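Each remark here refers to the structure printed beneath this line.
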Amino acid sequence: MSDAYLEGVLGLLEPAGPEKVQEQLRAMAGPHALTLVETMAASGHPAQESMEELRRLVAEPMRARSHPLRFVPGPRPGARGRTGGRKRRR
1 MSDAYLEGVL GLLEPAGPEK VQEQLRAMAG PHALTLVETM AASGHPAQES
51 MEELRRLVAE PMRARSHPLR FVPGPRPGAR GRTGGRKRRR
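Per the UniProt record's numbering, residue 1 is the first one in the sequence shown, and the count goes up by one each step.
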């Protein structure tokens, strides 16, 4: 993780707000945005106050909204490859 990139994200956080930062990170990293934010938060940057704001205002809301099984492709659980519709007669 580049310090310049982290400085840019922290610089965007102040004037634009956390929603804009989340939007930009999702646009760049897609499904890996939360991992990117957590990596930035754990980077050990010397600006502790800014890093705490990043954790509290960006990482925690993103973590609360994400769910690892939310958009899993494939059939629904328990379908065993069968499609929906009429029940099979025995």
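We put the CB at the ideal spot given by N, CA and C, even for glycine.
Remember, it's a predicted structure, so these values are computed and weren't measured experimentally.
Own chain, CB closer than 6 Å to residue i, minus 5 neighbours either side, in chain order
i: L10; result: S50
i: P18; result: L57 and V58
i: L54; result: A41
Spatial distance of residue i from residue j (CA atoms)
i: R26; j: A4; result: 19 Å
i: E14; j: A41; result: 16 Å
i: R63; j: L34; result: 7 Å
As assigned by DSSP and simplified to three states, the class of residue i
i: G17; result: coil
_Any alpha helix (DSSP H) of 4 or more consecutive residues that is wholly inside the region 29-66_ = Segments of the alpha helix (DSSP H) lying fully in the region 29-66: 33-41, 48-54 and 60-65.
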